[in-house]
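For the sequence shown, position 113 matches number 112 in numbering that gives the first Met the number 0, and the numbering has no gaps at all. Each residue gets a CB set at the ideal place from its N, CA and C atoms; glycine is no exception. Small disclaimer: the values here were computed from a predicted structure and weren't measured. Let me begin by presenting the structure, written as structure tokens, before commenting on it.
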Amino acid sequence: MTNTTSNQALAERIERLVQEHIAASRKSAQEALERAFASAADARPARTPRQVTKTSGSGKRRAPAEVAALGERIYQAVCAKPGEAMTVLAAGLGASARELHRPMALLKRAGRVRSAGARHLTRYFPMVDEAAASA
């Protein structure tokens, strides 16, 4: 009989320990959540109606004549160095690759320049002018 009561007492003691452990785990988890949400609320900046950020560019459009002139300079550079990347052409012209994007797109649309490759591996080649080739 002592064996049965000792087993029952042991089972009750184990159950009590498990319940205490679960309660302690819940309490520490609740405290961790409260700390996390408190720090997130402190770190969040106050919202303003609309914050306007200034871009790196001037925000003004270039005149069509300026874009056309830059396009001619790019075309000359492509004819002088066929198969070069935009960064090489830009360095030779003293401009950034970003500044040359629009004039290059206009040259490609006009059929004066073709490109091969993608992204930073794009190379530019002049198209053969039929009138100049037959002369």
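Practice task
Look at V66 and P125 and say whether their C-beta atoms are less than 7 Å apart.
Solution key: Not closer than 7 Å, so no.
Practice task
Work out the CA separation of R25 and N6 for me, nearest whole Å.
Solution key: For N6 and R25, the distance between alpha carbons rounds to 29 Å.
Exercise for the section: Pull up the distance between the alpha-carbon of R111 and that of R60, whole angstroms please. Expected result: Taking the CA atoms as reference points, R111 sits about 24 Å from R60.
Problem - Neighbourhood of T3 by C-beta, 6 Å cutoff - its chain only, sequence neighbours within 5 removed - result: The beta carbon of T3 sits closer than 6 Å to no other beta carbon from its chain once the five residues preceding and following it are set aside.
Practice task
Tell me, to the nearest whole angstrom, how far the beta carbon of G70 is from that of L120; I am working on the premise that it is less than 8 Å.
Solution key: That pair is no contact at about 22 Å.
Problem - 8 Å contact criterion, which R122 and A115 should meet: CB distance rounded - result: About 5 Å separates the Cβ atoms of R122 and A115, confirming a contact at the 8 Å cut-off.
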